[in-house]
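Sequential numbering from 27 applies to the sequence shown in the numbering used here. We put the beta carbon where it would ideally sit given N, CA and C, even for glycine. Computed from a predicted model, the values in this text were never measured in an experiment. Below is one structure; the comments refer to it alone.
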Amino acid sequence: MVRREWRAGDRRPSRVNLTELGYIAGWRVVRALPRPLVAAAFRAGADRAHRRGGGGTARLRANLRRVVGPELPDAELDDLVKRGLRSYARYWMEAFRLPALSRSQILSGFRLDGAELLAADVAAGRGAVVALPHAGNWDAAGAWVAATGWPITTVMERLKPEGVYKRFLAFREVLGMEILPTHGGPRPAFDVLLDRVRAGAVVPLLADRDLSARGVEVDFFGGKTRMPAGPALLALHTGAPLYVASLWYEADAACASLVGPLPVPGPEVGPLDQRVRSLTQLIADRLAAGIARHPEDWHMLQRMWLDQGKAGEGAALPSSAPGQA
């Protein structure tokens with residue numbers, strides 16, 4: 027076969043198109059192959075990333091050092107980083123496969139300690155707000171809530187390219203979740219979330235990393251960082267119970283546990299901004315406790331603390347991650 031040479035005026039595949047094509051290929055190929063084969067391939071990819079020690083790996087190492095403290099020997103930290111990259115790869119592998127699973131497979135593949143709390147909230151029509159870390163498999167958690175029959179609404183960063191955003195949007199909607207863009211929707215996402223909570227929906231929000239640069243400054247593992255105000259504001263405005271989730275992996279399932287409902291400060295404590303700061307710090311403390319129990323399943327390959335430099339910041343968090351209100 028004669029290969030035609032590229033000429034001026036021909037369209038080269040753009041990086042945007044290649045990114046979208048990569049995700050399409052991921053979803054199709056990973057779903058088509060047997061799980062053991064796919065799991066082995068993703069694990070090998072994680073180990074290769076560990077050996078190469080790129081920017082994302084360096085950032086994960088720095089972040090996990092904050093979590094475990096200076097006393098952990100470097101060799102043990104290195105093993106933790108390796109397990110962390112394998113956990114991150116497992117998240118992606120399972121996310122690609124989720125849309126092909128049956129309802130019974132979704133329900134059996136996720137375990138939630140504290141499910142009775144959410145069941146009572148939904149039955150009472152008061153809804154619930156759940157603050158999540160970037161850990162374990164939050165997509166499996168959302169799919170499980172939807173498969174259980176509870177209404178669920180969350181938000182997702184409006185990504186570029188638009189084609190990738192639309193595919194991740196469709197991916198979640200197929201699983202039964204209502205997804206709102208962080209910006210660019212017909213109504214502000216926070217206003218819609220207020221309506222959904224008041225209507226009795228479960229509203230999970232990733233809460234351990236602020237994307238807006240307008241977050242609430244908190245203490246987190248001994249350093250300063252910013253976290254989104256959305257979970258605290260939703261609870262304060264609606265009176266809905268506020269939980270903090272810990273997410274991790276077991277060999278046979280993605281798992282989570284709930285802490286709460288958290289005590290929500292009333293007007294007697296001070297003005298709204300003061301109550302938001304107080305409640306967001308409490309969320310940060312509960313998130314830290316869960317991450318400390320399962321550090322290998324915290325998928326934080328980005329700059330996390332305000333005093334961290336930008337070198338080795340790493341790739342963006344999974345584009346599929348629900349955003350923040």
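| Query | Result |
| --- | --- |
| A282 in three-state terms, based on DSSP | strand |
| Pairwise C-alpha distance: D139 and A145 | 12 Å |
| Cβ-Cβ separation, A233 to I317 (assumed contact under 8 Å), whole Å | The pair is not a contact, with the Cβ atoms about 12 Å apart (cut-off 8 Å). |
| Cβ neighbours of H263 in the same chain (closer than 8 Å, five flanking residues each side left out) | L220 |
| Per DSSP, the bridge partner or partners of I178 | V228 |
| S272, enclosing beta strand (DSSP E) - first and last residue | 268-275 |
| Counted within 10 angstroms of its Cβ, other Cβ atoms place G135 as buried (16 or more) or exposed | buried |
| As assigned by DSSP and simplified to three states, the class of T264 | helix |
| 8 Å Cβ cutoff met for Y269 and G162 | no |
| Neighbourhood of E339 by C-beta, 7 Å cutoff - its chain only, sequence neighbours within 5 removed | Low confidence applies here, because E339 scores a pLDDT of 43, under 50, leaving its location unreliable; read the following figure in that light. The answer, listed in chain order, is G81, R85, Q328, R329. |
| Buried versus exposed, by CB contacts within 10 Å (16 or more), E199 | exposed |
| Exposed unless 16 or more other CB atoms sit within 10 angstroms - verdict on H325 | buried |
| C-beta contact flag for G256 and L231 at 8 Å | yes |
| C-alpha distance - R74 paired with F247, whole-angstrom precision | 29 Å |
| A266 versus R252, V295, E97, A225, residue with shortest Cα-Cα distance | A225 |
| E183 - DSSP class collapsed to helix/strand/coil | coil |
| Beta strand (DSSP E) runs contained entirely in the segment 144-169, provided each spans 3 or more residues | 154-158 |
| For L305, the nearest candidate out of R87, W170, L259, E294 (CA to CA) | L259 |
| Exposure of S113, with buried meaning 16 or more beta-carbon neighbours within 10 Å | buried |
| Run of the alpha helix (DSSP H) containing R69, from where it starts to where it stops | 61-78 |
| Endpoints, the beta strand (DSSP E) within which E204 is located | 204-207 |
| Complete runs of the alpha helix (DSSP H) confined to the segment 285-340 [at least 4 residues] | 298-319 |
| D236, DSSP secondary structure in three states | coil |
| Cut-off 6 Å between Cβ atoms - residues of its own chain near P344, not counting five sequence neighbours on either side | Caution applies to P344, whose pLDDT of 42 falls short of 50 and renders its modelled position unreliable; the value that the coordinates give is listed next. Result list for P344: empty, nothing under 6 Å. |
| Outcome for E120 when other beta-carbon atoms lying within 10 angstroms are tallied against a minimum of 16 | buried |
| Coil, strand or helix - L343 by DSSP | Its pLDDT being 42, under 50, L343 is placed unreliably by the model, and the measurement read from it follows with that caveat. In this structure, L343 counts as coil in the three-state DSSP scheme. |
| Given 8 Å, three or more beta-carbon pairs between the segment 235-255 and the segment 115-134 | no |
| Secondary structure of G135, DSSP reduced to three states | coil |
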